[in-house]
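Student: Could you have a look at this structure, given as structure tokens, before my questions?
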Amino acid sequence: NTYRIDRPYQQVKHQLIKSKSTLRIGEHKFNLSLAGQFNQREEFDIVRSSTNNRPQLDLSIYTISEDLNWEHPRKNNFTGTVGFSMAQQRNRYSGRYFIPNYEAYTFGGYWIEKWNHHNWELQAGIRYDHKMIETRRLKFNGDTLDHDFSFSTLASSLNANYKASSNWDLNLGVSLSSRAPYVNELLSDGLHHGTANYEKGDINLKTERSLSLSSGIRFHNDDHTFQADVLLHANLIKDFIYQQPRPDSPVLTIAGAFPLLEYQQTDAVLTGVDLSTGWNPVKAIQFNTKLAILYGYNRTTRDWLILMPANRLSGEISYSLADKGAFTGNYISAEWVGVDRQRRTPDETNGKQDYKAPPAAYQLVNLQASTTFRLGGWPFTLGAGVRNLFN
């Protein structure tokens with residue numbers, strides 16, 4: 021049986037066009053990437069009038085990006101890339117307010133160098149970006165509320181990889197980075213239809229700044245049929261931006277009461293471990309497993325961070341089918357995902373921190389299939405999937 025999805029529901033459109041051009045002059049290589057993207061999200065809420073077919077919120081954003089880089093010739097075991105990138109965004113909304121109309125302009129430059137010698141590989145990079153945001157909100161009386169922002173961010177990184185043997189690789193990385201707040205973190209003030217939460221931004225948010233450390237180890241057997249990776253990571257973040265639930269202050273609207281989430285900043289430490297394995301017992305079959313554990317600590321309150329993801333374990337089996345005629349790269353896969361109950365939550369001695377306790381552990385089963393074929397010389401990939409198969 022089939023059924024019609026009634027309000028509330030959403031309609032999403034996504035369009036993307038992208039091109040990449042390469043010019044070689046001797047051993048010098050120049051790359052130009054251009055992209056244009058249009059995203060539209062329409063939210064249809066429950067309404068009293070049966071003749072009102074319009075969405076209650078219509079968000080449209082246009083993004084254009086340009087990236088030009090130069091890959092210089094190899095010299096004294098060094099290879100590197102110097103580049104310049106720009107992006108322009110234009111967001112428009114109609115209906116209920118969630119985020120304002122805005123235009124954003126970003127430009128930046130980067131330089132990456134890589135050095136190889138015997139079993140060692142070192143990579144260092146630096147990047148600078150400047151972002152300008154001009155926002156405009158139309159009020160009910162016809163006036164406009166305008167806010168302009170300007171952020172500069174700097175990032176640098178150093179990574180070392182050592183090939184200890186034919187089977188083992190060791191990796192160590194350190195980086196300093198910064199992130200400017202997004203428009204929704206600054207100026208959201210409305211109902212998020214996808215989560216049924218009322219989100220409220222903070223116009224005074226500052227740029228996040230972080231120090232990140234990582235250490236990893238990789239193993240593969242001689243015939244490359246088995247591989248395992250372990251990654252340890254720690255991030256010390258100044259002015260970390262997060263959402264704080266306000267269970268004592270729900271927002272009352274004509275549609276009812278909704279949980280209030282406010283954007284805030286704190287000093288935080290995020291540490292964790294990621295494990296993954298891959299095994300090919302035969303050419304057509306592959307088993308993959310992943311484990312992710314994250315600890316989020318609020319250094320200001322000396323307690324756990326709210327709304328951090330719980331421990332997650334997943335396993336996937338995929339089967340590659342033989343090419344048939346014009347169809348290549350054929351495969352089917354089944355995935356199991358297990359998510360634990362989140363036990364690292366803030367203490368509630370001095371008041372509730374969330375509207376509900378963390379949900380119990382749960383499991384999901386997903387299916388995926390894909391094939392690639394050529395039409396007029398162009399490759400097309402067709403995929404279909406089912407998420408949460410048993411619900």
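Numbering of the sequence shown is given in this note's numbering, commencing with residue 21 and proceeding in unit increments.
We put the CB at the ideal spot given by N, CA and C, even for glycine.
What you are looking at is a predicted structure, and each value in this text was computed from that prediction instead of being measured.
Hey, Glu219 and Phe118: beta-carbon distance below 9 Å or not?
Tutor: Yes. Within cutoff.
Student: Within 10 Å of its beta-carbon, does Lys40 have 16 or more other beta-carbons around it, so buried, or fewer, so exposed?
Tutor: Exposed, by the Cβ-count rule.
Student: CA-CA distance, Asn89 and Leu165?
Tutor: Their Cα atoms are separated by approximately 39 Å.
Student: Considering Val32, what are the terminal residues of the beta strand (DSSP E) in which it resides?
Tutor: Its beta strand (DSSP E) spans residues 29-45.
Student: Between which two residues does the beta strand (DSSP E) holding Glu368 run?
Tutor: Element bounds for Glu368: n/a, residue is neither H nor E.
Student: Kindly indicate which residue of Leu174, Ile261, Arg44, Tyr23 has the alpha-carbon position closest to the one of Leu327.
Tutor: Comparing Cα-Cα distances from Leu327 to each of Leu174, Ile261, Arg44, Tyr23, the minimum goes to Ile261.
Student: If you reduce the DSSP assignment to three classes, tell me which class Val289 lands in.
Tutor: Strand, per DSSP.
Student: Flag this pair as yes or no: are the beta carbons of Asn97 and Asn136 separated by less than 9 Å?
Tutor: Yes.
Student: Taking C-alpha atoms, which residue in Tyr351, Gly103, Gln60 lies nearest to Gln35?
Tutor: When each option's Cα is compared against that of Gln35, the closest is Gln60.
Student: Touching or not, the region 244-261 and the region 293-313, by the rule of three or more beta carbon pairs under 8 Å?
Tutor: Counting Cβ pairs under 8 Å, three or more are found: they touch.
Student: On the CB-based measure, 16 or more other CB atoms within 10 Å of its CB, does Gln31 come out buried or exposed?
Tutor: Exposed.
Student: What are the boundary residues of the alpha helix (DSSP H) that Val359 is part of?
Tutor: Note, Val359: premise wrong, no alpha helix (DSSP H); beta strand (DSSP E) at 348-359.
Student: Distance check for Ala354 and Ser185, CA to CA, integer angstroms please.
Tutor: When rounded, the distance between both Cα atoms is 34 Å.
Student: Gly358: which of Asp343, Thr348, Tyr382 sits nearest, CA to CA?
Tutor: Residue Tyr382 is the option with its Cα nearest to Gly358.
Student: Taking 8 Å as the threshold, find out whether the region 207-215 comes into contact with the region 172-189 through three or more Cβ pairs.
Tutor: No: fewer than three Cβ pairs fall under 8 Å.
Student: Have a look at the DSSP bridge pairing and note the partners of Phe58.
Tutor: DSSP, once it has assigned bridges, lists Gln35, Tyr82 as partnering Phe58.
Student: Just the C-alpha distance for Ser170 and Leu314, rounded to the nearest angstrom, thanks.
Tutor: Straight-line Cα distance between these residues: approximately 32 Å.
Student: List, from N- to C-terminal side, the beta strand (DSSP E) runs of 3 residues or more that fit wholly inside the region 212-241.
Tutor: Runs of the beta strand (DSSP E) inside the region 212-241: 217-220, 228-240.
Student: Could you name the residues of the same chain whose beta carbon sits closer than 6 Å to that of Leu333, not counting the 5 residues immediately before and after it, in chain order?
Tutor: Here the set comprises Leu311, Gly358.
Student: So, for Asn43: in the same chain, excluding its five sequence neighbours on each side, which residues have a beta-carbon less than 7 Å away from its beta-carbon?
Tutor: First, the residue type needs correcting, since residue 43 is Leu and not Asn in the sequence shown. Here the set comprises Phe50.
Student: Is DSSP giving Leu395 helix, strand or coil here?
Tutor: In this structure, Leu395 counts as strand in the three-state DSSP scheme.
Student: Between Gly292, Ile223, Phe160, which lies nearest to Arg441 when the distance is taken from Cα to Cα?
Tutor: Only positions 21 to 411 of the chain appear in the structure, and residue 441 is not among them; the question remains open.
Student: From what residue to what residue does the alpha helix (DSSP H) around Asn204 run?
Tutor: Unbroken alpha helix (DSSP H) run through Asn204: 203-207.
Student: Within the 9 Å Cβ cut-off, does Asn187 reach chain C?
Tutor: Chain labels in this structure do not include chain C; a single protein chain is all it has.
Student: Alpha carbon to alpha carbon, how far is Gly162 from Ser235? Give it in angstroms, no decimals.
Tutor: Rounded to the nearest angstrom, the two C-alpha atoms are 55 Å apart.
Student: Determine the direct distance from the alpha carbon of Gly56 to that of Lys95, and round the result to whole angstroms.
Tutor: So the two alpha carbons sit approximately 36 Å from each other.
Student: Mapping the DSSP letters down to three states, classify Asn72 as helix, strand or coil.
Tutor: Coil.
Student: Does the beta-carbon of Leu16 have 16 or more other beta-carbons within 10 angstroms, so that it is buried, or is it exposed?
Tutor: What is shown of the chain runs 21 to 411, which leaves residue 16 out entirely.
Student: Where does Lys159 sit, in a helix, a strand or coil, going by DSSP?
Tutor: Coil.
Student: Roughly how many angstroms separate the alpha carbons of Val289 and Trp398, rounded to a whole number?
Tutor: In a straight line, the C-alpha of Val289 is about 47 Å away from that of Trp398.
Student: I'd like to know whether the C-beta atoms of Thr155 and Pro120 end up nearer to each other than 9 Å.
Tutor: Yes, they are a contact pair.
Student: Which word fits Val302, buried or exposed, when buried means at least 16 other C-beta atoms lie within 10 angstroms of its C-beta?
Tutor: Classification for Val302: exposed.
Student: When you compare each of Tyr113, Ile153, Asn179, Pro366 to Ile132 by their alpha carbons, which one comes out closest?
Tutor: Of Tyr113, Ile153, Asn179, Pro366, the residue nearest in Cα terms is Asn179.
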